[in-house]
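Data block below; observations after.
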Amino acid sequence: MPAKETATQAIDSAQSTAAQDDKIRTVTLEEPITRPSGQTIEVITIRKPMGGALRRVTLSDLLSLNTDALQTVLPRVTEPVLVKPDFDLIDPVDLVKLGTELVSFFVPKKERS
155 MPAKETATQA IDSAQSTAAQ DDKIRTVTLE EPITRPSGQT IEVITIRKPM GGALRRVTLS
215 DLLSLNTDAL QTVLPRVTEP VLVKPDFDLI DPVDLVKLGT ELVSFFVPKK ERS
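Numbering (the numbering used here), first residue to last: 155 to 267.
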């Protein structure tokens with residue numbers, strides 16, 4: 155394969171990864187969640203919320219990390235899917251980390267450092 159094609163593929167791959175990074179965040183929990191079933195959650199992936207995932211919440215509530223708003227939106231955009239009982243078990247530090255990553259999707263690209 156010519157070097158020019160390899161360089162082009164590398165650039166395309168880097169751009170694809172950057173685009174993916176704009177739409178996905180990964181949070182490693184400081185205190186893993188252990189569900190009653192025995193499943194342990196240590197890492198949660200958050201997808202960029204689109205309009206449908208934001209229904210019935212105000213953006214100001216999300217920006218202020220209102221726990222009710224977070225409990226409404228996070229189950230719609232996380233993998234594994236967080237369910238209501240998970241929020242009873244989650245460490246507050248981890249809830250703030252998840253909320254902060256969720257809110258980071260609302261910052262325009264020009265303003266990100």
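Glycine is no exception: its CB is placed at the ideal position from the N, C-alpha and C atoms. What you are looking at is a predicted structure, and each value in this text was computed from that prediction instead of being measured.
Inter-residue Cα distance where the pair is residue i and residue j
i: residue 252; j: residue 201; result: 11 Å
i: residue 179; j: residue 191; result: 26 Å
i: residue 237; j: residue 260; result: 23 Å
i: residue 187; j: residue 197; result: 9 Å
i: residue 246; j: residue 264; result: 30 Å
i: residue 242; j: residue 194; result: 14 Å
i: residue 223; j: residue 205; result: 14 Å
i: residue 176; j: residue 217; result: 18 Å
i: residue 254; j: residue 266; result: 14 Å
7 Å Cβ shell around residue i - same chain, five flanking residues per side excluded
i: residue 207; result: 227, 230 and 231
DSSP bridge partner residues for residue i (one or two, in chain order)
i: residue 265; result: In DSSP, residue 265 forms no bridge with anything.
i: residue 232; result: 200
Contacting residues, own chain, Cβ-Cβ under 8 Å from residue i (five flanking each side not counted)
i: residue 250; result: 219
i: residue 203; result: 227, 230, 231, 256 and 259
Contacts around residue i, its chain only, beta-carbon distance under 6 Å, and the 5 residues preceding and following it disregarded
i: residue 233; result: 199
i: residue 262; result: none
What are the uninterrupted segments assigned as alpha helix (DSSP H) that are 4 or more residues long and contained completely in the stretch 170-215, given in chain order?
DSSP runs (the alpha helix (DSSP H)) wholly in the stretch 170-215: none.
State whether the stretch 209-217 contacts the stretch 179-189, with contact taken as three or more CB pairs (one from each stretch) at a distance under 8 Å.
Counting Cβ pairs under 8 Å, fewer than three are found: no touch.
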